[in-house]
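Peer 1: Provided herewith is a single structure, encoded as structure tokens, for subsequent inquiry.
See below:
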């Protein structure tokens with residue numbers, strides 16, 4: 001945050017910001033103390049700190065990332081902007097067409 005940005009804040013906003021900064025500093029200091037304690041314990045027991053880190057990193061569940069959207073498999077011939085992936089609940093236009101005797105394969109996107 002630039003100094004000029006701080007100048008535009010009210011006194012109460014600056015005090016709130018100061019409080020938030022103090023909390024963040026306390027958390028960072030506490031984290032550093034815990035890391036120092038873990039390093040000391042590892043050293044006392046003859047365990048390289050890198051081994052402790054790799055062990056901890058291996059136990060953390062890896063995220064798979066954001067799921068990508070499924071490609072549409074079906075379209076509405078009356079309005080091609082309406083599509084459906086074939087997953088989940090059927091759209092109203094599919095339901096109506098199926099109730100009127102159409103086959104689901106009539107709406108499949110060629111590919």
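Residue numbers (UniProt numbering): 1 to 111.
Every residue gets a Cβ at the ideal spot worked out from N, C-alpha and C, and that includes glycine.
Assign residue 99 to one of three DSSP states: helix, strand, or coil.
Peer 2: The answer is helix: DSSP assigns residue 99 an H, G or I state.
Peer 1: Our contact map puts residue 25 next to residue 14 with C-beta atoms below 8 Å; I'd like the distance itself, whole angstroms only.
Peer 2: No, residue 25 and residue 14 are not in contact; Cβ-Cβ is about 16 Å, not under 8 Å.
Peer 1: Between the alpha carbons of residue 55 and residue 34, how many angstroms are there, rounded?
Peer 2: Their Cα atoms are separated by approximately 17 Å.
Peer 1: Output the boundary residues of the alpha helix (DSSP H) element that contains residue 7.
Peer 2: It spans 3-7 - the alpha helix (DSSP H) in which residue 7 sits, taken as one unbroken run.
Peer 1: Are residue 85 and residue 71 touching if we call contact CB-CB under 8 Å?
Peer 2: A contact, by the Cβ cut-off of 8 Å.
Peer 1: Taking 8 Å as the cut-off, decide whether the C-beta atoms of residue 73 and residue 109 are in contact.
Peer 2: The answer is yes: Cβ separation under 8 Å.
Peer 1: With DSSP run on the structure shown, which of helix, strand or coil describes residue 81?
Peer 2: Strand, per DSSP.
Peer 1: Using a Cβ-Cβ cut-off of 7 Å (strictly less than) and excluding sequence neighbours within five positions of residue 93, which residues of its own chain qualify?
Peer 2: Same-chain partners within the cutoff: 76 and 82.
Peer 1: Mind checking who residue 108 pairs with in its DSSP beta bridge?
Peer 2: Answer is 74, bridged to residue 108.
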